[in-house]
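S.K.:
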Amino acid sequence: AAGDVTIHAALEAPGHPALGRPLQDAAGGSGPPALADLSTWNPADVPGGTVVVEFSSPAGLRLLCERLALRPLPLVSGTTGLGAEDERRLDALAERAAVLHAPNMSVGVAAARAAAALLARVLGDGFDAEILEIHHGAKKDAPSGTALALARAVAEGRGEEAAPVLDRTTRGRPRERGGEGVAALRGGGVVGEHTVFFLGEDERLEVTHRAASRRVFARGALRCARWLAGQGPGRRRLDEVLFPGRSG
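Numbering (the working numbering), first residue to last: 63 to 310.
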């Protein structure tokens, strides 16, 4: 438990070696609940008011949505690399329960997105926007969902549709105005680092967020779970939690 939050179930992928071990034991401590197989989990076994929090993989999220079809529960999802079919699954669940999906639960990243949108609006098309993200070598998707969210924030600030450029190696021509360049680096144990560069002719601005620990994501997810417990069905946005009362 953490304050007013109690863990009623802990789920892992089928065949994972930690299945059956107490959650805290698997993380280096001791105590319940035991890690259960997601593929056989029955959401009817948890009490009312339960909110599901998941950081897994697109395949894990698909399996979770199948289980939640048995009993829809509010869902906070931080999995990245989702495709159109995954979004449709979340939309279907949102018809029966509150769903909040965000590629990054950090309040600092949310502030960085807001800052990027504001700077894009103020600076206009006289500055090119480029985004660089760095993550640990085990991260599978690239660029990160957070980098793409920052690209969308820049585009929204400019009043445009997002047009991220992920590869310039085959273009063979100078950079065109508009669009948002996105580059990814992988290596070591970097938790996550994102920088938005606004590049002018004689000056530049940078907005950088560095995560020193995954605790920032856990804290943000718990904050979302507390808020989502009181919400009705529908897709919710992280900004509704972090910036209540702000429109847009």
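Just so it is clear, CB atoms sit at the ideal spot from N, CA and C, and this is done for glycine as well. Computed from a predicted structure; not experimentally measured.
Taking the alpha carbon of Arg-158 as the point to measure from, which residue in Gly-241, Val-258, Leu-132 has its own alpha carbon closest?
M.R.: Out of Gly-241, Val-258, Leu-132, Leu-132 has the C-alpha closest to the C-alpha of Arg-158.
S.K.: In the structure shown, what three-state DSSP assignment does Gly-254 receive?
M.R.: DSSP places Gly-254 in strand when its eight states are reduced to three.
S.K.: With a threshold of 6 Å on Cβ separation, who are the neighbours of Pro-120 within its own chain once the five nearest residues in sequence on each side are excluded?
M.R.: Here the set comprises Gly-143, Leu-144, Asp-148.
S.K.: Measure the beta-carbon distance from Ala-291 to Pro-136 and round it to whole angstroms, keeping in mind my assumption that it falls under 8 Å.
M.R.: That belief holds up - the Cβ atoms of Ala-291 and Pro-136 are roughly 6 Å apart, short of 8 Å.
S.K.: According to DSSP, what are the bridge partners of Val-244?
M.R.: According to DSSP, which records beta bridges pairwise, Val-244 is partnered with Ile-193.
S.K.: Going by CA-CA distance only, name the one from Ala-191, Gly-249, Leu-247, Pro-306 that's closest to Ala-224.
M.R.: The shortest C-alpha separation from Ala-224 is found at Ala-191.
S.K.: How big is the Cα-Cα spacing for Ala-354 and Val-108?
M.R.: The question about residue 354 has no answer here: the residues shown for the chain are numbered 63 through 310.
S.K.: Can you tell me the Cα-Cα spacing of Thr-231 and Arg-288, whole angstroms?
M.R.: Between Thr-231 and Arg-288, the C-alpha separation is close to 45 Å.
S.K.: Which partner residues does Ala-176 have in the DSSP bridge list?
M.R.: Beta-bridge pairing links Ala-176 to no other residue.
S.K.: Mapping the DSSP letters down to three states, classify Leu-290 as helix, strand or coil.
M.R.: It is helical.
S.K.: Are Ile-196 and Arg-266 close, meaning C-beta to C-beta below 9 Å?
M.R.: Cβ atoms of Ile-196 and Arg-266: not closer than 9 Å.
S.K.: Please go through the segment 108-158 and give each complete alpha helix (DSSP H) segment of 4 or more residues, from N-terminal end onward.
M.R.: Segments of the alpha helix (DSSP H) lying fully in the segment 108-158: 120-130, 146-156.
S.K.: In whole angstroms, give me the CA-to-CA distance for Arg-272 and Gly-110.
M.R.: Distance between the alpha carbons of Arg-272 and Gly-110 is about 37 Å.
S.K.: What would DSSP say about Glu-263, mapped onto helix, strand or coil?
M.R.: Note: Glu-263 maps to coil in three-state DSSP.
S.K.: What do you reckon, are the CB atoms on Thr-257 and Val-269 nearer than 9 Å?
M.R.: A contact, by the Cβ cut-off of 9 Å.
S.K.: Would you mind working out which of Gly-221, Leu-130, Gly-254 sits nearest Asn-166, comparing C-alpha positions?
M.R.: Taking only the C-alpha atoms, the option nearest Asn-166 is Gly-254.
S.K.: Compute the Euclidean distance between the alpha carbons of Ser-206 and Ala-213, then round it to the nearest angstrom.
M.R.: Taking the straight line from one Cα to the other gives about 11 Å.
S.K.: Counting only the same chain and skipping the five closest in sequence on each side, list residues whose C-beta sits under 7 Å from that of Thr-112.
M.R.: Same-chain partners within the cutoff: His-70, Leu-135.
S.K.: Judging by CA-CA distance, which residue of Gly-282, Gly-241, Asp-66, Thr-141 is the nearest neighbour of Asp-229?
M.R.: With distances taken between Cα atoms, Asp-229 lies closest to Gly-241.
S.K.: In terms of alpha-carbon separation, which member of Ala-274, Ser-101, Val-252, Ala-179 lies closest to Lys-201?
M.R.: The shortest C-alpha separation from Lys-201 is found at Val-252.
S.K.: Given that a residue counts as buried once 16 or more other Cβ atoms are within 10 Å of its Cβ, and exposed if not, what is Leu-180?
M.R.: Exposed.
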